[in-house]
Each structure stands twice: as structure tokens, then as C-alpha cells.
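Right, one structure below, let's go through it.
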Amino acid sequence: MGNIDENDFPLKHLNVSFGDSASDYTNVVSTFYACWESYNTVCKYAWCDEYDVREAPNRRVRRAMEEENGKRRKAARRERNEEVLSLVQFVKRRDLRVKARMEELKKEKVLKEAERKKEAERKKSEAAAAREVSVNIHFLKALCVCFCCLVFCFFST
Numbered sequence: 001m002g003n004i005d006e007n008d009f010p011l012k013h014l015n016v017s018f019g020d021s022a023s024d025y026t027n028v029v030s031t032f033y034a035c036w037e038s039y040n041t042v043c044k045y046a047w048c049d050e051y052d053v054r055e056a057p058n059r060r061v062r063r064a065m066e067e068e069n070g071k072r073r074k075a076a077r078r079e080r081n082e083e084v085l086s087l088v089q090f091v092k093r094r095d096l097r098v099k100a101r102m103e104e105l106k107k108e109k110v111l112k113e114a115e116r117k118k119e120a121e122r123k124k125s126e127a128a129a130a131r132e133v134s135v136n137i138h139f140l141k142a143l144c145v146c147f148c149c150l151v152f153c154f155f156s157t
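135 is the number that full-length UniProt numbering gives to position 135 of the sequence shown; each next residue is one higher, with no gaps.
Listed below in C-alpha cells is the structure:
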């Protein structure tokens, strides 16, 4: 790696397999993309420094130089992270395994929605049937009361 010490960069978590066309989505593909979509560089980006703080005439100037260098390092780090993320997104958009998984999820969503609608319709029809039974019971009770009144009136005269 040239003048960069490999021990300073714990990239062990980036040692994930891309897999092949037959790789399992949940174990290989999603792990790969989750790892690389959360990538954050650990490089110091000292080579982006504009000023050599050792040449500062006093503490105030040195701090201003350090602040400017910090801004440049932060911008370079952010740019690198965005480059990696855009590359990962580019690859992911074209990965046939991801497309197949998205289609699979879309089909599952459609099936779940159909099942949900079917269940709602079933509950609706059950509620209508229950209301019908309730109305019939009330009607029969009222009819029974009326019949009892008629019988009572008939025999009381």
C-alpha cells in the first residue's frame, strides 16, 4: 500500500464476498451491500493539507491553519465516502440478484394485499350476517311479544 500503514486501517469488516449469480440473497448479497453502503473511510487525508502548521509564526495562526486543514480533510473524506457509496449504488442497481429479490418482494406484497382485502371482505360479510341475525332476533322477540299480547287479550275478554 505504499506509504500507508495497513495496521492503521481495520478493514476486516469489508472482507465480505460479492458472491455469484446463485448466491443466497439474505446471507451473501444483502450482507455485501449492507457492508459497503455503510462504508466510512478511515484514512487521515493528511496529504490534502494546504498549510504546514510547523511553519506557523504563532499559536493563533497555527490554529487557523489547523482549522483550514481540518476542513479540507473533512471535505476529502466526505467526497471519498460519497464516491464509494455512488459506486455501490451503481452496482446494486444493475445486480440481477437484487432485481430478482425486488420482484419477489413486490409479488409478496401484492399477495399480502390480496390476502388482506380478502380477509377484510370476509370480516365485512360476517359482520353483515351477524347484523342480519341480530335484526331477525329482535323481530322475532317483538313478534313474540305481540303474539303474547294478542293471546292475553283474547283470553282476558
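Just so it is clear, CB atoms sit at the ideal spot from N, CA and C, and this is done for glycine as well.
Limits of the unbroken alpha helix (DSSP H) element including residue i
i: Trp-36; result: 30–37
i: Phe-90; result: 59–94
Sub-8 Å separation of residue i and residue j beta-carbons
i: Ser-23; j: Arg-101; result: no
i: Val-91; j: Glu-37; result: no
i: Phe-32; j: Val-16; result: yes
i: Glu-66; j: Val-53; result: yes
i: Arg-72; j: Cys-48; result: yes
Nearest candidate by alpha-carbon position, reference residue i, set the options
i: Arg-78; options: Cys-148, Asn-40, Ser-30, Glu-119; result: Asn-40
i: Lys-74; options: Asp-95, Ala-46, Ala-56; result: Ala-46
i: Ser-30; options: Lys-99, Glu-115, Arg-59; result: Lys-99
i: Ser-21; options: Asp-95, Cys-148, Glu-66; result: Asp-95
i: Glu-104; options: Leu-14, Tyr-25, Gly-19, Phe-18; result: Tyr-25
C-alpha distance - residue i paired with residue j, whole-angstrom precision
i: Asn-81; j: Tyr-51; result: 24 Å
i: Val-84; j: Arg-93; result: 14 Å
i: Ala-130; j: Ile-137; result: 10 Å
i: Leu-111; j: Cys-35; result: 31 Å
i: Phe-18; j: Lys-107; result: 25 Å
i: Gly-2; j: Asn-58; result: Residue confidence for Gly-2 is low, a pLDDT of 47 falling below 50, so the modelled location carries little weight and cannot support an answer.
Residue i (DSSP reduced to helix, strand or coil)
i: Ala-129; result: helix
i: Ala-142; result: helix
i: Asn-15; result: coil
i: Asp-20; result: coil
i: Gly-2; result: With a pLDDT of 47 at Gly-2, under the threshold of 50, the modelled position of that residue is not reliable, and no figure is offered here.
i: Glu-103; result: helix
i: Arg-25; result: Arg is not the amino acid found at residue 25; the sequence shown has Tyr there. Note: Tyr-25 maps to helix in three-state DSSP.
i: Glu-50; result: coil
i: Cys-43; result: coil
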